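A.B. asks: Residue 1 is where the sequence shown starts when you use full-length UniProt numbering, and the numbers rise one by one after that.
Even for Gly, the Cβ is constructed at its ideal location relative to N, Cα and C.
Source: prediction; values computed, not measured.
The structure follows.
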Amino acid sequence: MLNHSDTLDRAFQALADPSRRAMVERLARGPASVSELAAPLAMTMAAVLQHLRVLEASGLVTTAKQGRVRTCAVDPEAFGAVQSWIDARRREWESRLDRLTQHLIDHPDR
């Protein structure tokens with residue numbers, strides 16, 4: 001899991017901001033232009049572009065320019081490392097809770 005440390009750091013850093021999470025949530029429904037992403041956000045276009053650069057650098061979002069329109073999309077594979085890390089934590093805690101449950105069953109008087 002240490003091999004994915006930089007990838008995870010960039011992904012979690014990118015997702016730490018509510019505006020970037022809003023952009024990712026919108027893109028989860030399908031590709032959108034930068035203007036479409038910017039519309040519901042109360043910020044300048046320059047700020048939106050800065051947020052998009054962070055999302056692109058993290059690998060979570062890709063952009064492609066066709067003519068004058070830059071279209072953004074989520075890269076589902078980029079979420080794989082994040083999901084794997086979260087799943088590993090979940091398995092670890094479920095295992096601990098299972099052991100605690102079994103201990104309480106085996107020793108009800110403690």
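#1: Starting from the Cα of lysine 65, find the closest Cα among Val74, Asp87, Val34 and give me that residue.
#2: Confirm, please, whether the CB-CB distance from cysteine 72 to leucine 27 is below 8 angstroms.
#3: Alpha carbon to alpha carbon, how far is arginine 10 from histidine 107?
#4: Alpha carbon to alpha carbon, what distance is there between leucine 15 and residue 128?
#5: Excluding the 5 residues flanking leucine 8 on each side, which residues of the same chain have their C-beta closer than 7 angstroms to its C-beta?
#6: Where do the ends of the alpha helix (DSSP H) carrying arginine 53 lie?
C.D. replies: With the given structure in hand:
#1: Val34
#2: yes
#3: 45 angstroms
#4: Residue 128 cannot be examined here, being either before or after the span of the chain that is shown, 1 to 110.
#5: The beta carbon of leucine 8 is closer than 7 angstroms to those of Ala81, Val82, Trp85 in its chain, skipping five residues each way along the sequence.
#6: 45-58
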